[in-house]
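Trainee: Residue numbers (UniProt numbering): 1 to 444.
(1) State the CB to CB distance for the pair residue 233 and residue 271, rounded to an integer number of angstroms; the pair is presumed to be in contact (CB under 8 angstroms).
(2) I'd like the span of the alpha helix (DSSP H) that includes residue 232, first residue to last.
(3) Quick one: residues in its chain with C-beta nearer than 6 angstroms to the C-beta of residue 349, no 5 flanking neighbours on either side, listed in chain order?
(4) Taking the C-alpha atoms as reference points, what is the distance between residue 156 and residue 171?
(5) Please classify residue 441: does DSSP put it in a helix, a strand, or coil?
(6) Kindly indicate which three-state DSSP category residue 53 falls into: helix, strand or coil?
(7) Within 7 angstroms: the Cβ of residue 194 and any heavy atom of the ligand COA?
(8) Within the same chain, show all residues whose beta-carbon is closer than 7 angstroms to that of residue 441, passing over the 5 residues directly before and after it, in chain order.
(9) So, helix, strand or coil for residue 108, using DSSP?
(10) If we call anything under 8 angstroms between Cβ atoms a contact, is residue 505 one with residue 49?
(11) Alpha carbon to alpha carbon, how far is residue 66 from residue 216? Give it in angstroms, no decimals.
(12) Would you mind sorting residue 72 into buried or exposed? The rule is 16 or more other CB atoms within 10 Å of its CB.
(13) Is there contact here, the stretch 272-292 with the stretch 212-229, by at least three beta-carbon pairs under 8 angstroms?
(14) Check for me: the alpha helix (DSSP H) holding residue 288 runs from which residue to which?
(15) Would you call the stretch 166-182 and the stretch 201-208 touching, i.e. three or more CB-CB distances under 8 angstroms?
(16) Measuring straight from C-alpha to C-alpha, what distance separates residue 446 and residue 363?
(17) Roughly how many angstroms separate the alpha carbons of residue 94 and residue 342, rounded to a whole number?
(18) Between residue 70 and residue 378, what straight-line distance do the alpha-carbon atoms span, to the nearest angstrom?
(19) Suppose you measure from the CA of residue 195 to the CA of residue 210; what does that come to, to the nearest Å?
(20) Would you mind giving the Cβ-Cβ distance between residue 193 and residue 128, rounded to the nearest angstrom? I have them listed as a contact below 8 angstroms.
(21) For a test of the three-state rule: what should DSSP assign to residue 470, helix, strand or coil?
(22) What does residue 78 pair with, by DSSP beta-bridge criteria?
(23) For residue 63 versus residue 112, is the C-beta distance shorter than 8 angstroms?
(24) Could you tell me how far apart the beta carbons of residue 146 and residue 168 are, in whole angstroms, since I believe they sit closer than 8 angstroms?
(25) Can you round the beta-carbon distance between residue 376 and residue 408 to whole angstroms, since I take them to be within the 8 angstroms contact cut?
(26) Within the same chain, show all residues whose beta-carbon is closer than 8 angstroms to that of residue 245, passing over the 5 residues directly before and after it, in chain order.
(27) Is it buried or exposed, residue 305, if we count other Cβ atoms within 10 angstroms and call 16 or more buried?
(28) Does DSSP put residue 130 in a helix, a strand or coil?
(29) For residue 418, which three-state DSSP category applies?
(30) List the whole-angstrom C-beta distance separating residue 322 from residue 436, where the pair is believed to meet the contact cut-off of C-beta under 8 angstroms.
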């Protein structure tokens, strides 16, 4: 039944409430990996087949993908997990499913707890196939289950899977009594798909956060107190999934809280479950979204006959002592030696990005072109950019990078520099002025 129906409210109302509940600043978040965590609580119990009871007959029935190394272009060297949750009771409830190849593993775990055919309710927080791919299989096994989701998800589910099943549409602020569980629903469009939604159990104080607060790391542990809190993994996830929507996040963080959401457990669709470090991960989200984390200088480059490599090395050498005086660090990454997900994470923490490319076919090197194509889809206008490189018969690479910087309305850190064939002593000495300009233009 419908307990309460509210109008659609701001995108990140959940996160804004959490931030308003504590004293969060834009200073660097505290690292608490060394602190003693609370003991395992009753109910947080491993069961057969890797099932974990989280609280009050709420079970993790997801799967760990140990072999995952690429997630739609996002490099995942640590693997990952697809988290689904089963709520046992008079009317069993399933929250999300898993990637289609793992459907039988999901069903096997559910069967350890309930008869699948008795599942009464299916809550779909996100329709991306890593969370909805097994839905057709579950629907076949649970013929009487009703789907609860938002309108955008309804459209997507019908197109993805041709689902002919009753769907109850919920909106931000709606509450539903599903068996003995009261749910509160909040739409969070563009976190990170337009359909995204989160679900909250106010009585149990459990938040199903969909992709928000997720991480990619395959592990047999399920809780944050069992491992060093995976802030670095969460940062990589944020930089590659959430970073394009910083403006939306920040606008919402300024809004007054709209809901009484005080979770004791945060259950994302990827990675570990947050219990002891909920405030910390929210603080990290604020830190990343505010761009207060953008404090360093990053050199990204590729090279063909080592001319651009020599420039990169000299620029780095000149930048380091200057940056250290300003309390900044400098990193130098060869593009073909680093995954794009690693590069995007470093960009998130950089205030100035210095891109180097040799010229090939009067344009940029392929790896540099890939970076340009990828980066322009992110919200990075608050950072400073410049370019350097080399050429032989035509000097197109640096010119192309300069046009790209201007077209994307990025601030210029320093006048770009380019050398013919190989840098001579005078051109290497000019890297000092180039580095000085970067420092002067990008620090207070």
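We treat Cβ as the ideally placed atom computed from N, Cα and C, and that holds for glycine.
Quick caveat, the model's predicted, so the values are computed rather than measured.
Mentor: By the coordinates alone:
(1) 7 angstroms
(2) Start and end: 231-237.
(3) Only 293 and 296 meet the Cβ criterion.
(4) 16 angstroms
(5) helix
(6) strand
(7) With respect to the ligand COA, the structure offers nothing, as it holds no ligand at all.
(8) 384, 413 and 414
(9) helix
(10) With the chain running from 1 to 444 in the structure shown, residue 505 is simply not present.
(11) 10 angstroms
(12) Only exposed fits residue 72, as fewer than 16 other CB atoms lie within 10 angstroms of its CB.
(13) yes
(14) 278-289
(15) yes
(16) Residue 446 is absent from the structure shown; the chain starts at 1 and stops at 444.
(17) About 34 angstroms.
(18) Distance from the CA of residue 70 to the CA of residue 378, rounded to the nearest whole angstrom, comes to 20 angstroms.
(19) One C-alpha to the other measures close to 11 angstroms.
(20) 6 angstroms
(21) The chain is shown only over 1 to 444; residue 470 falls outside these bounds and no answer can be derived.
(22) Looking at the DSSP assignment, residue 78 forms no beta bridge with any residue, so it has no partner.
(23) no
(24) 6 angstroms
(25) 5 angstroms
(26) Spatial neighbours of residue 245 in its own chain (CB-CB distance under 8 angstroms, excluding positions within 5 residues in sequence) are listed in chain order as 190, 191, 192 and 379.
(27) exposed
(28) Helix, per DSSP.
(29) strand
(30) 7 angstroms
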